[in-house]
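Chains as they are written, first to last, in our numbering: chain A, 1 to 261; chain B, 1 to 261. All residues carry an ideal CB built from backbone N, CA and C; glycine is no exception. Notes follow the structure.
Below, the structure is given as structure tokens:
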């Protein structure tokens, strides 16, 4: 792929695309990961490739719910790890929760590769300076983040086959789960188990988006950077959160994007 | 990839996705072809995965212009060949025009693979029954379709480097070109050379879509099947074609898709 000029108006999008192409070549991602990424590109284009006001509110609400959870967990699939792995490790370090690798087309090889990938990202993050406004021992906080997923000692009740596999210490016991780019079936089952499911999905009409407790309609890497700010700010949660209303606002943004051309 | 149930509501979309994944593995497509396909999936989803009335009109207009052209050509890239190769060979057989392989990331290997792929598709198509309402010697008509692109004996004036390469007998001398999924720069240059450029693009806001003489906002395989019907029906062209108005109608369809949820 060609080099991306520093001044290119869509530089961030092109860098993400290159990261996904490279990770596919390295075997980190499933066959159809690039297709999923392309769908995301199209939906993000319709959002003007920026985080909307309603998305900011939903990220803040998610931050509050993760902080007040008994057993929060951040679930990541391959695309999420590649696009937002470092940012989500920082978030996990601040709230001290585990990250669980949770992939749709599960193979032992890809689980191992993603595990090693996230562990090496974790090591890099641990050597960074403290995030702005965060006080404490950053290296210890980061290195305390567990990367779960390989244990396969838990089960998601209500699912069958490999998709039911999870970690007992992660998704199984979690009361609040942040799951970017999640499959609709799994999202539905997690909600039915009484968990708070915080979904990141660029399509406000997807089944996951409609099912979730809180839906963040935003690109996952932008979302993760903002989530880090918010978990440090430590906001209160809003028990009155109306997810249908939030989805409606996202739909209107996309619709207006077309009308106003 | 899993087997697709016969009754799946999105069966056609999933079959196309599988074809793109398989062709990528066979080396027919560039790295980013799957990402481009994913973007297409998202836009098609917003069209309800069906051909709109305005798309039908633009396909009919394109049929008329191809028929009345002196030197029509159908330009295909990798994704188009995989998704609509056979249908476009049928169209080329009916109007007796060449097909030119025209790829953005040009390598000799991919040109050879795509050439062989289209030649084998051509052989299969030549053994089919006549298309409905078409009369004549189908096998001869199909086998007379030239698959151009490897000659590299032509140039698109106004472009530099490998993207300027074309076939003298194809794009260089053509007065009317059907170019599904074309790059914006190349579309602009082809229009500036005074050619009639018929573009197929699912995003009515893309540069190609805005630049084209006639823009078909539709999925390429559905478009190609309908185009075959229309070239057999032999419609008259409409010199009053207003492409801006047609694009506006497509934008409204997408916008309404969101509003009506």
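Three CB pairs or more closer than 8 angstroms across the region 37-50 of chain B and the region 37-47 of chain A
yes
Starting from the Cα of residue 80/A, find the closest Cα among 97/A, 178/A and 5/A and give me that residue.
Taking the first chain and counting its residues from 1, the one referred to as residue 80/A is at position 80. Comparing Cα positions, the closest option is 178/A.
Check the Cβ-Cβ distances between residue 17/A and every residue of chain B, and say whether any is below 7 angstroms.
Here residue 17/A is taken as the residue at index 17 of the first chain, counted from 1. Judged by the 7 angstroms Cβ criterion, residue 17/A is in contact with chain B.
In chain B, what lies closer than 7 angstroms to residue 54/A by C-beta?
The count along the first chain starts at 1 and reaches residue 54/A at position 54. Here the premise fails: no neighbours, minimum Cβ distance about 14 angstroms.
Taking buried to mean at least 16 other C-beta atoms within 10 Å of its own C-beta, is residue 168/A buried or exposed?
As a first step, residue 168/A must be located in the first chain, where it is residue number 168. Exposed.
Using Cβ-Cβ distances below 8 angstroms, what residues of the region 167-193 of chain A are close to chain B?
none
Give me the subset of the region 210-228 of chain A whose CB atoms are less than 7 angstroms from a CB atom of chain B, sorted by chain position.
none
Endpoints, alpha helix (DSSP H) assigned at residue 61/B:
In the second chain, the residue the question calls residue 61/B occupies position 61. Here the alpha helix (DSSP H) through residue 61/B covers 53-68.
Who are the near neighbours of residue 255/A in its chain, counting only those whose CB is closer than 8 angstroms to its CB and skipping five residues on each side?
Locating residue 255/A in the first chain gives position 255, where the first residue counts as 1. So no residue of the chain qualifies.
Within 7 angstroms, strictly: CB atoms of residue 60/A and residue 230/A:
Here residue 60/A is taken as the residue at index 60 of the first chain, counted from 1. Here residue 230/A is taken as the residue at index 230 of the first chain, counted from 1. Contact flag set, yes.
Going along the chain, which residues of the region 239-255 of chain B sit with their C-beta nearer than 7 angstroms to a C-beta in chain A?
251, 254 and 255
Does the beta carbon of residue 117/A sit closer than 7 angstroms to a beta carbon anywhere in chain B?
Along the first chain, one-based indexing puts residue 117/A at 117. With 7 angstroms as the cut-off, residue 117/A does not count as an interface residue toward chain B.
Do you know offhand how far residue 104/B's Cα is from residue 77/B's?
The residue given as residue 104/B occupies position 104 in the second chain. The residue given as residue 77/B occupies position 77 in the second chain. Their Cα atoms are separated by approximately 8 angstroms.
Is residue 197/A closer than 7 angstroms to residue 215/A when the C-beta atoms are compared?
In the first chain, counting from the first residue as 1, residue 215/A sits at position 215. In the first chain, counting from the first residue as 1, residue 197/A sits at position 197. The answer is no: Cβ separation not under 7 angstroms.
Residue 97/B - DSSP class collapsed to helix/strand/coil
Taking the first residue of the second chain as 1, we reach residue 97/B at position 97. Three-state result, residue 97/B: coil.
So is residue 161/B in contact with chain A if we call contact Cβ pairs under 7 angstroms?
As a position in the second chain, residue 161/B is number 161, starting the count at 1. No, no contact with chain A.
Quick one, which of 65/B, 114/B, 160/B and 58/B has its alpha-carbon nearest residue 102/B's?
Along the second chain, one-based indexing puts residue 102/B at 102. Nearest C-alpha to residue 102/B: 114/B.
Per-residue DSSP class, three states only, for residue 79/B:
Your numbering for residue 79/B matches position 79 in the second chain. In this structure, residue 79/B counts as helix in the three-state DSSP scheme.
What are the residues of the region 27-51 of chain A that lie near chain B, defined by any Cβ-Cβ distance shorter than 7 angstroms?
31, 32, 34, 35, 36, 37, 38, 39, 41, 42 and 43
By a C-beta neighbour count over all protein chains shown, 10 Å radius and 16 as the cutoff for buried, is residue 158/B buried or exposed?
Indexing the second chain from 1 puts residue 158/B at position 158. Its Cβ having fewer than 16 others within 10 Å, residue 158/B is exposed.
Which term fits residue 265/A, buried or exposed, when burial requires 16 or more other beta carbons within 10 angstroms of its beta carbon?
Because chain A spans 1 through 261 in this model, residue 265/A falls outside it and cannot be assessed.
With a threshold of 7 angstroms between beta-carbons, can residue 21/B be considered close to chain A, or not?
The residue given as residue 21/B occupies position 21 in the second chain. Taking Cβ atoms only, chain A reaches closer than 7 angstroms to residue 21/B, which makes this a yes.
Within 10 angstroms of the Cβ of residue 123/A, are there 16 or more other Cβ atoms? Answer buried if so, exposed if not.
Taking the first residue of the first chain as 1, we reach residue 123/A at position 123. By the 10 Å Cβ count, residue 123/A comes out exposed.
Using only CA atoms, which one of 173/A, 143/A, 140/A and 92/A lies nearest to residue 154/A?
Within the first chain, numbered from 1, the residue matching residue 154/A stands at position 154. It is 173/A.
Going by CA-CA distance only, name the one from 205/B, 136/B and 22/B that's closest to residue 246/B.
On the second chain, position 246 is the one that residue 246/B refers to. The option with the nearest alpha carbon to residue 246/B is 205/B.
Report all residues from its chain with a CB closer than 7 angstroms to the CB of residue 119/B; omit the five preceding and five following residues, and keep chain order.
As a first step, residue 119/B is located in the second chain; it is residue number 119 there, counting from the start. Hits under 7 angstroms: 147.
Should residue 217/B and residue 83/B be called a contact, given that it needs their Cβ atoms to be closer than 7 angstroms?
Residue numbering aside, residue 217/B sits at position 217 when the second chain is read from its first letter. Residue numbering aside, residue 83/B sits at position 83 when the second chain is read from its first letter. Not closer than 7 angstroms, so no.
Using the beta-carbon count (16 or more within 10 Å), is residue 121/B buried or exposed?
Residue mapping note: residue 121/B aligns to position 121 of the second chain, counting from 1. Burial call: buried.
From 188/A, 181/A, 207/A and 133/A, pick the residue whose C-alpha is nearest to that of residue 201/A; which is it?
Here residue 201/A refers to the residue found at position 201 when the first chain is read from its first residue. When each option's Cα is compared against that of residue 201/A, the closest is 181/A.
Hey, would you say residue 99/A sits closer than 7 angstroms to residue 74/A, going by beta carbons?
The residue you call residue 99/A lines up with position 99 of the first chain. The residue you call residue 74/A lines up with position 74 of the first chain. Result yes, Cβ atoms of residue 99/A and residue 74/A sit closer than 7 angstroms.
If we cut at 7 angstroms on Cβ distances, does residue 258/B have a partner in chain A?
Your numbering for residue 258/B matches position 258 in the second chain. Yes, residue 258/B lies at the interface with chain A (some Cβ there is under 7 angstroms from its Cβ).
Could you tell me the distance, in whole angstroms, from the CA atom of residue 184/A to the CA atom of residue 88/B?
Within the first chain, the letter at position 184 stands for residue 184/A. Within the second chain, the letter at position 88 stands for residue 88/B. Rounded to whole angstroms, residue 184/A to residue 88/B spans 36 angstroms at the Cα level.
Bridge-paired residues (DSSP) for residue 196/A
One-based indexing of the first chain puts residue 196/A at position 196. For residue 196/A, which the question treats as bridged, DSSP gives the partners 176/A.
With H, G and I counted as helix, E and B as strand and the rest as coil, what does DSSP make of residue 24/B?
Indexing the second chain from 1 puts residue 24/B at position 24. Here residue 24/B sits in helix by DSSP.
Taking its Cβ as the centre, do 16 or more other Cβ atoms sit within 10 Å of residue 5/A, making it buried, or is it exposed?
The residue you call residue 5/A lines up with position 5 of the first chain. Residue 5/A comes out exposed.
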